[in-house]
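Working notes, structure below.
In our numbering, the protein residues as written are 5 to 281.
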């Protein structure tokens, strides 16, 4: 048994149950292999406990694979494939098929229609970077293996990226602040960074402390800041849009805002580090 336990946010273990690959690293009553499923809703709330009143810890997007280790009373406990986050989701947001995504949503959001017809009532809304499996195309719409149709112009093939993540973050200006949010309907600070980087082809951890420990390289204190630098504060992160301005999802404005970094510091925020990709 290791001296320090793995981070439970990204390692599926509890006292009664753990993933088989963690045997020998953690203690648990049972170790099991998980079962892969896929998110079938536009997004799914992930919680720290199987309780509707529990706080949202993150969100899983349409098309993301989730490895399930337990199902009980309409809840599942599992691990997201995208960033490895562990938590509880509602069973009805998942299906047992796992078609491999061929495209991702490149628009801020796009409707999922039951037919290739913009006049039909939408089934759901898919958000930026959600993965879809194309099964056909008609009338300018792409049919999905997961069911439904999406406007073809809102999709991009996997492997094509929007490399300017500062520009992507600016597209999200005005999106409301939402704790645990990572969609164009609501974002928290690290969710904004994760989604903007994902659109650019960079995989980023979910939480700001994880991002500050792993993304890019540290910028020495006193060095001039550049557009694209990630600035970290206690429990917070933002993206520099130039040498003096920061874009961030924040609870002060309750929205994604671009403002002078000096204003953020002036409100009492202490810079703990800067990372450059």
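Note that the Cβ used here is the ideal one computed from N, Cα and C, for glycine as well.
Among the options, the one whose alpha carbon lies nearest that of residue i
{"i": "residue 93", "options": "200, 45, 35 and 146", "result": "45"}
{"i": "residue 15", "options": "81, 270, 56 and 153", "result": "81"}
{"i": "residue 104", "options": "43, 50, 88 and 259", "result": "43"}
{"i": "residue 126", "options": "52, 117, 11 and 134", "result": "117"}
{"i": "residue 69", "options": "101, 54, 62 and 277", "result": "101"}
{"i": "residue 85", "options": "272, 66, 95 and 96", "result": "66"}
{"i": "residue 90", "options": "29, 159, 11 and 19", "result": "11"}
{"i": "residue 176", "options": "111, 75, 150 and 273", "result": "111"}
Span of the alpha helix (DSSP H) around residue i
{"i": "residue 270", "result": "265 to 270"}
{"i": "residue 213", "result": "212 to 218"}
DSSP three-state assignment for residue i, whether helix, strand or coil
{"i": "residue 109", "result": "strand"}
{"i": "residue 174", "result": "helix"}
{"i": "residue 20", "result": "coil"}
{"i": "residue 157", "result": "helix"}
{"i": "residue 25", "result": "helix"}
Straight-line gap, residue i to residue j (C-alpha atoms, nearest Å)
{"i": "residue 98", "j": "residue 48", "result": "9 Å"}
{"i": "residue 196", "j": "residue 258", "result": "13 Å"}
{"i": "residue 166", "j": "residue 157", "result": "15 Å"}
{"i": "residue 144", "j": "residue 9", "result": "51 Å"}
{"i": "residue 58", "j": "residue 78", "result": "15 Å"}
{"i": "residue 31", "j": "residue 73", "result": "16 Å"}
{"i": "residue 222", "j": "residue 24", "result": "35 Å"}
{"i": "residue 33", "j": "residue 255", "result": "40 Å"}
Own chain, CB closer than 6 Å to residue i, minus 5 neighbours either side, in chain order
{"i": "residue 71", "result": "38, 40, 82 and 83"}
{"i": "residue 214", "result": "none"}
Beta strand (DSSP E) segment containing residue i, residue limits
{"i": "residue 194", "result": "Residue 194 -> not in any beta strand (DSSP E); alpha helix (DSSP H) instead, spanning 193 to 203."}
{"i": "residue 89", "result": "Looking at the DSSP string, residue 89 is not in any beta strand (DSSP E), and its letter there is neither H nor E."}
{"i": "residue 249", "result": "249 to 254"}
{"i": "residue 275", "result": "Where residue 275 is concerned, there is no enclosing beta strand (DSSP E), given that its DSSP letter is neither H nor E."}
Cutoff 8 Å; reference residue i; Cβ partners in own chain excluding five residues on either side
{"i": "residue 245", "result": "170, 173, 174, 231, 251 and 262"}
{"i": "residue 271", "result": "256"}
Close beta carbons around residue i, own chain, < 7 Å, minus the five adjacent residues each side
{"i": "residue 212", "result": "193, 194, 236, 239, 240 and 241"}
{"i": "residue 53", "result": "92"}
{"i": "residue 152", "result": "116, 117, 118 and 127"}
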